[in-house]
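Working notes, structure below.
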Amino acid sequence: MLKLNRLAPGALYSIKLFQKKGYIRSLYGMYMLFALLLIWDSIYLIAFPPAVMAAWTIFVCAGVFVIKHTIDKQSTGMLSLYLILAFIWWSATIFGTGGWESPIFYFAGIPLILYALSGSLLLNTAGALIYGNTVLFSGIFLFPESGDFILPLSIIGVNMLTIAGGFLISYALHHYEKTFSNLKEKVYTDYLTGLYNREGFLKAWGNRRPKRGIFAVMDLNQFKQINDNLGHHTGDKVLQQVGSGLKRELPDTAIVGRIGGDEFILYLPHAVNLEAEQQKVETIVAQAGETIGIALTTSIGMLFVSPKSRSFRELYKTADENMYHHKKASRPAIKDMV
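Going by the working numbering, the sequence shown opens with residue 146, and the numbers climb by one from there.
Below is the structure:
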């Protein structure tokens, strides 16, 4: 499924830059100036019926609200639709005002440049189809008697190069995003378990801003004994099996990380039963041990998260203390299963 916020990544990057630099008002000002010039050109070059001109003016001015929606939602879905509709308007006007000899034939460069800069494969494909079909039907079938081909052909050549540039920009952005995504995954992922590492968990926590659920810190009992008696390769297998079990059995909405050694950290959103969640995690750990022939247990410190909860640091400190109380109370030995 297409992600609406990724339909036009170039546009989204530009808007984020304007936000970061504090130039959002300048962005609105630039668009309003562009809109006024576009409306003036439409009035000056084409004698639209009043109703059509009014509808076109409303459509152009609506771009301000499209920009605001894009900024507020960080999504380019509506922006992409708006730009496609603008190009469809251009195409329809060309058919009704003389084809290649239409006074707004050169207007095609406006949406095509925006399509190219957006880095959107969808927009560049739509632009190629709309522009190509409009030129074909208006220049060959509808207005074959048009005399001067030099200017139209030069405009067509420039616009086709713009379309080609748009596809190149889309490819470059796709390659950049893929590379950046892979690097980001490595930075935030624990190499052994595939769970979040400490930095990844903190970032996911900050993005989520949890308000309700259960926060937990856990480690594996007598894990050093496993490494000493069975070897570090077995210890690595234990960590991998525990990580796989947590990813598989906990909800997709959970945030799960390994933050060092045999210590794991969990956030279970909307969970309301400490005892039930503790039992579930203990079962996951025990099953992970069974896969490699070890009776494996865990010590867990849990507490509720609420809108009144303290900072992450305080939550972690309290959960960590609860875990060590649990560990002191149980202290089970780890041994090979018979």
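In this text, a Cβ means the ideal position worked out from N, Cα and C, and glycines have one as well.
field: Candidates I410, S451, L441: closest to Y461 by CA position
entry: Within the sequence shown, the letter at position 316 stands for residue 461. If we check each option's Cα against that of Y461, I410 comes out closest.
field: Residue from L228, N304, G402 with nearest C-alpha to W350
entry: Reading the sequence shown from its first residue, position 205 is the one you call residue 350. Among L228, N304, G402, the Cα nearest to that of W350 is on G402.
- prompt: With C-beta atoms as the reference, is F457 less than 9 Å away from G406?
  reply: Sequence index remark: in the sequence shown, residue 457 carries index 312 (1-based). Sequence index remark: in the sequence shown, residue 406 carries index 261 (1-based). No, Cβ-Cβ distance for F457 and G406 is not below 9 Å.
task: Could you tell me if K472 is buried or exposed, where buried requires 16 or more neighbouring beta carbons within 10 angstroms of its beta carbon?
output: One-based indexing of the sequence shown puts residue 472 at position 327. So K472 counts as buried.
query: Straight-line CA distance for N467 to G388?
result: Here the question's residue 467 lines up with position 322 in the sequence shown. Here the question's residue 388 lines up with position 243 in the sequence shown. Approximately 22 Å, taken between the alpha carbons.
query: Where do the N-terminal and C-terminal ends of the beta strand (DSSP E) with P414 fall, by residue?
result: As a position in the sequence shown, residue 414 is number 269, starting the count at 1. Unbroken beta strand (DSSP E) run through P414: 408 to 414.
message: Please report the distance separating the alpha-carbon of L162 from that of Q424.
response: Along the sequence shown, one-based indexing puts residue 162 at 17. Along the sequence shown, one-based indexing puts residue 424 at 279. The alpha-carbon atoms of L162 and Q424 are separated by roughly 47 Å.
- request: Return the bridge partner residues of I445 from the DSSP annotation.
  value: By one-based count along the sequence shown, residue 445 stands at place 300. I445 is bridged to M363.
message: Can you check which of these residues, D465, K453, L152, is closest to S263 by C-alpha distance?
response: Sequence index remark: in the sequence shown, residue 263 carries index 118 (1-based). When each option's Cα is compared against that of S263, the closest is L152.
task: To the nearest angstrom, report how far apart I191 and I233 are at their CA atoms.
output: As a first step, residue 191 must be located in the sequence shown, where it is residue number 46. As a first step, residue 233 must be located in the sequence shown, where it is residue number 88. Rounded to whole angstroms, I191 to I233 spans 17 Å at the Cα level.
message: Please state the DSSP three-state secondary structure of K165.
response: The sequence position of residue 165 within the sequence shown is 20, counting from 1. In this structure, K165 counts as helix in the three-state DSSP scheme.
query: With DSSP run on the structure shown, which of helix, strand or coil describes I404?
result: As a working note, residue 404 is residue 259 in the sequence shown. I404 falls in the strand class under three-state DSSP.
field: Closer than 8 Å: A416 CB and nearest the ligand SAM heavy atom
entry: For the structure depicted, the ligand SAM is absent and the ligand set is empty, with no information on it obtainable.
task: Could I get the ranges of all uninterrupted beta strand (DSSP E) runs contained in the segment 339 to 394, with 3 residues as the minimum, in chain order?
output: 358 to 365
- prompt: Can you give the beta carbon distance from T221 to A180, rounded, assuming they're within the 8 Å contact cut?
  reply: The residue labelled residue 221 in the question sits at position 76 within the sequence shown. The residue labelled residue 180 in the question sits at position 35 within the sequence shown. About 19 Å separates the two Cβ atoms, so there is no contact after all.
query: Is it buried or exposed for G302, if we count other Cβ within 10 angstroms and need 16 for buried?
result: As a first step, residue 302 is located in the sequence shown; it is residue number 157 there, counting from the start. Burial call: exposed.
task: Would you identify the three-state DSSP class for I191, choosing helix, strand or coil?
output: Counted from its first residue, the sequence shown places residue 191 at position 46. Coil, per DSSP.
task: For V450, write down the residues that DSSP places opposite it in a beta bridge.
output: Residue 450 sits at position 305 when you count from the first residue of the sequence shown. Answer is G358, bridged to V450.
field: D217 - containing alpha helix (DSSP H), residue span
entry: Position 72 of the sequence shown holds residue 217. 208 to 218 is the span of the alpha helix (DSSP H), which, as asked, contains D217.
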